[in-house]
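Everything in the first sequence is counted per the UniProt record's numbering, starting at 1 for the first residue and increasing by one. Note that beta-carbon positions come from the ideal geometry of N, C-alpha and C, so glycine has one too. Here the structure is a predicted model, which is why all the values come from computation and not from measurement. Accompanying notes for the structure given below.
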Amino acid sequence: MAGSVGMCGRLNTSLDPADLADELGASLVPHAFSERYNVPPGSTIPILVDRPDAGGVIERRLEPARWGLVPGWAKDLRAGFRAFNARAETAAVKPTFRAAFGARRCVVPVRGYYEWEVRATGSTGGGTADAPGRGSTPEKTPWLMESAAHPLLLMAGLFEFRRLSAEEQEAAGADPAAASGWLVSATVLTTEARGHLREVHDRMPVMLTRTQMDEWLAPERGSAEGGALLSAVIAGFDPAAVVRRTVSPAVGNVRNDGPELVEPQG
DNA sequence: CCAGACGTTGTT
DNA sequence: GTCTGG
DNA sequence: CCAGACGTTGTT
DNA sequence: GTCTGG
Numbered sequence: 001m002a003g004s005v006g007m008c009g010r011l012n013t014s015l016d017p018a019d020l021a022d023e024l025g026a027s028l029v030p031h032a033f034s035e036r037y038n039v040p041p042g043s044t045i046p047i048l049v050d051r052p053d054a055g056g057v058i059e060r061r062l063e064p065a066r067w068g069l070v071p072g073w074a075k076d077l078r079a080g081f082r083a084f085n086a087r088a089e090t091a092a093v094k095p096t097f098r099a100a101f102g103a104r105r106c107v108v109p110v111r112g113y114y115e116w117e118v119r120a121t122g123s124t125g126g127g128t129a130d131a132p133g134r135g136s137t138p139e140k141t142p143w144l145m146e147s148a149a150h151p152l153l154l155m156a157g158l159f160e161f162r163r164l165s166a167e168e169q170e171a172a173g174a175d176p177a178a179a180s181g182w183l184v185s186a187t188v189l190t191t192e193a194r195g196h197l198r199e200v201h202d203r204m205p206v207m208l209t210r211t212q213m214d215e216w217l218a219p220e221r222g223s224a225e226g227g228a229l230l231s232a233v234i235a236g237f238d239p240a241a242v243v244r245r246t247v248s249p250a251v252g253n254v255r256n257d258g259p260e261l262v263e264p265q266g
């Protein structure tokens with residue numbers, strides 16, 4: 001297997017919000033997440049949630065969240081920066097994710113996600129584990145992973161609310177995920193990679209079928225039921241549901257954002 | 001008891 | 001908030 | 001995730 | 001090497 005880094009740390013959300021809401025049966029909470037080809041942690045991403053409306057009726061909404069889950073108790077919003085993924089193996093018990101796992105599951109709908117395959121080049125001996133030989137600079141190849149059947153990939157996630165101080169509200173500016181004094185933040189669950197995905201990296205996001213999506217979102221489901229469902233989803237994952245291709249190395253720089261990033265490579 | 005962490009990945 | 005480490 | 005920075009003083 | 005910003 002190729003050496004590798006990366007997993008689910010960069011997204012492609014180039015989907016039309018109205019079409020997406022329609023396709024997923026959600027009311028649309030409008031914001032600018034469409035047509036983005038290079039979305040890193042800390043940015044606004046769309047999340048799909050089933051939540052009670054003012055009258056207590058469960059409503060499906062597509063709404064903005066900041067990528068990187070910030071627990072309600074975190075003193076510093078930057079806590080979310082290192083929590084943009086949550087291991088499926090431990091999310092139910094980790095302090096940062098436990099509460100969300102039991103009550104605030106979401107789906108992150110994307111066009112695809114990027115993954116950087118890393119292989120050492122020119123390291124033909126001359127080094128040891130303690131002192132690797134020079135000339136072993138890793139070479140990175142970005143891949144775009146997409147759904148084989150749709151222009152839409154459904155990743156299992158968790159979300160959280162956190163009240164913002166006046167200062168934090170000020171700092172958030174026009175961030176749509178921080179409207180009305182609350183920050184909505186989210187994380188993507190990861191698991192061991194399977195099948196051909198393993199040729200690029202040994203972790204992957206937890207991906208859902210449409211049916212699994214409805215079950216995952218069901219708010220009446222608690223932590224234990226959520227855990228059981230998550231195990232079933234992981235066990236049932238079909239690697240053929242995902243296709244991949246290499247894309248422009250320019251995707252590495254988050255300042256680059258456009259369809260040219262994912263044009264087929266010569 | 002209080003203080004401090006609370007996360008992921010990869011690498012050697 | 002809640003758990004772990006000291 | 002990758003790219004790019006990596007500092008201090010004083011002041012409000 | 002490690003942290004921050006995007």
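With DSSP as the reference, please indicate the residues paired to residue 106 in a beta bridge. Residue mapping note: residue 106 aligns to position 106 of the first sequence, counting from 1. In DSSP, residue 106 forms a bridge with 157.
Measure the C-alpha to C-alpha separation of residue 18 and residue 120 and round it to an integer number of angstroms. Numbered from 1 along the first sequence, position 18 holds the residue referred to as residue 18. Numbered from 1 along the first sequence, position 120 holds the residue referred to as residue 120. The alpha-carbon atoms of residue 18 and residue 120 are separated by roughly 43 Å.
In its own chain, which residues sit with a C-beta less than 7 Å from the C-beta of residue 134, not counting the 5 before and 5 after it? Looking up residue 134 in the first sequence gives position 134. Low local confidence applies: a pLDDT of 43 at residue 134 is under 50, so the model's placement there is unreliable, with the coordinate-based value given in what follows. Within the same chain, residue 134 has no close Cβ partners at all.
Can you tell me whether residue 56 is buried or exposed, with buried defined as 16 or more other CB within 10 angstroms of its CB? On the first sequence, residue 56 is found 56 positions in, with the first residue counted as 1. Classification of residue 56: exposed, given that the 10 Å Cβ count is below 16.
I'd like to confirm the pairing. Which residues does DSSP put opposite residue 73 in its beta bridges? Here residue 73 is taken as the residue at index 73 of the first sequence, counted from 1. Answer is none; residue 73 lacks a bridge partner.
Report the residue from 209, 45, 156 whose alpha carbon sits nearest the alpha carbon of residue 191. In the first sequence, residue 191 corresponds to position 191, counting from 1. Checked all of 209, 45, 156; the closest Cα to residue 191 is 156.
Does the Cβ-Cβ distance between residue 186 and residue 45 come in under 8 Å? By 1-based counting over the first sequence, the position of residue 186 is 186. By 1-based counting over the first sequence, the position of residue 45 is 45. Yes; because the gap between Cβ atoms is below 8 Å, this pair is in contact.
In angstroms, rounded to a whole number, what distance separates the CA positions of residue 50 and residue 138? Locating residue 50 in the first sequence gives position 50, where the first residue counts as 1. Locating residue 138 in the first sequence gives position 138, where the first residue counts as 1. Cα to Cα, the separation comes out at about 43 Å.
Distance check for residue 47 and residue 63, CA to CA, integer angstroms please. Sequence index remark: in the first sequence, residue 63 carries index 63 (1-based). Sequence index remark: in the first sequence, residue 47 carries index 47 (1-based). Taking the straight line from one Cα to the other gives about 5 Å.
Within 10 angstroms of its Cβ, does residue 15 collect 16 or more other Cβ (buried), or is it exposed? In the first sequence, counting from the first residue as 1, residue 15 sits at position 15. With 16 or more other Cβ atoms within 10 Å, it is buried.
Out of 193, 143, 199, state which residue places its alpha-carbon closest to the alpha-carbon of residue 247. Position 247 of the first sequence holds residue 247. Comparing Cα-Cα distances from residue 247 to each of 193, 143, 199, the minimum goes to 143.
Please confirm whether residue 29 and residue 11 have their CB atoms less than 8 Å apart. By 1-based counting over the first sequence, the position of residue 29 is 29. By 1-based counting over the first sequence, the position of residue 11 is 11. No, they are not a contact pair.
First and last residue of the beta strand (DSSP E) that includes residue 50? For the purposes of this step, residue 50 is identified with residue 50 of the first sequence, where counting begins at 1. 44 to 52 is the span of the beta strand (DSSP E), which, as asked, contains residue 50.
Of the listed residues 69, 22, 23, nearest to residue 43 (C-alpha basis): For the purposes of this step, residue 43 is taken as residue 43 along the first sequence, with counting starting at 1. Checked all of 69, 22, 23; the closest Cα to residue 43 is 69.
Among all the DSSP beta bridges, which residues are the ones paired with residue 197? Position 197 of the first sequence holds residue 197. DSSP lists no partner for residue 197.
Over the uninterrupted alpha helix (DSSP H) stretch that includes residue 17, give me the two end residues. In the first sequence, residue 17 corresponds to position 17, counting from 1. Run containing residue 17: 17 to 24, per the alpha helix (DSSP H) assignment.
What first and last residue would you give for the beta strand (DSSP E) that runs through residue 189? As a working note, residue 189 is residue 189 in the first sequence. That run of the beta strand (DSSP E) goes 182 to 192.
Pull up the distance between the alpha-carbon of residue 111 and that of residue 37, whole angstroms please. Sequence index remark: in the first sequence, residue 111 carries index 111 (1-based). Sequence index remark: in the first sequence, residue 37 carries index 37 (1-based). Distance between the alpha carbons of residue 111 and residue 37: 9 Å.
Please list the terminal residues of the continuous beta strand (DSSP E) segment that includes residue 242. Start at 1 with the first residue of the first sequence, and residue 242 comes out as number 242. Run containing residue 242: 242 to 246, per the beta strand (DSSP E) assignment.
Would you mind working out which of 257, 238, 168, 71 sits nearest residue 100, comparing C-alpha positions? Start at 1 with the first residue of the first sequence, and residue 100 comes out as number 100. Nearest of 257, 238, 168, 71 to residue 100, Cα basis: 71.
Output yes or no for whether 8 Å exceeds the beta carbon distance between residue 175 and residue 78. In the first sequence, counting from the first residue as 1, residue 175 sits at position 175. In the first sequence, counting from the first residue as 1, residue 78 sits at position 78. Taking 8 Å as the Cβ cut-off, residue 175 and residue 78 do not qualify as a contacting pair.
For residue 58, which residues does DSSP report across the bridge? What you label residue 58 is simply residue 58 of the first sequence in a count that begins at 1. The partner list for residue 58 (beta bridge, DSSP) reads 52.
Less than 6 Å between C-beta atoms, sequence neighbours within five positions excluded: which residues of the same chain meet that for residue 113? Within the first sequence, the letter at position 113 stands for residue 113. 8, 11, 145.
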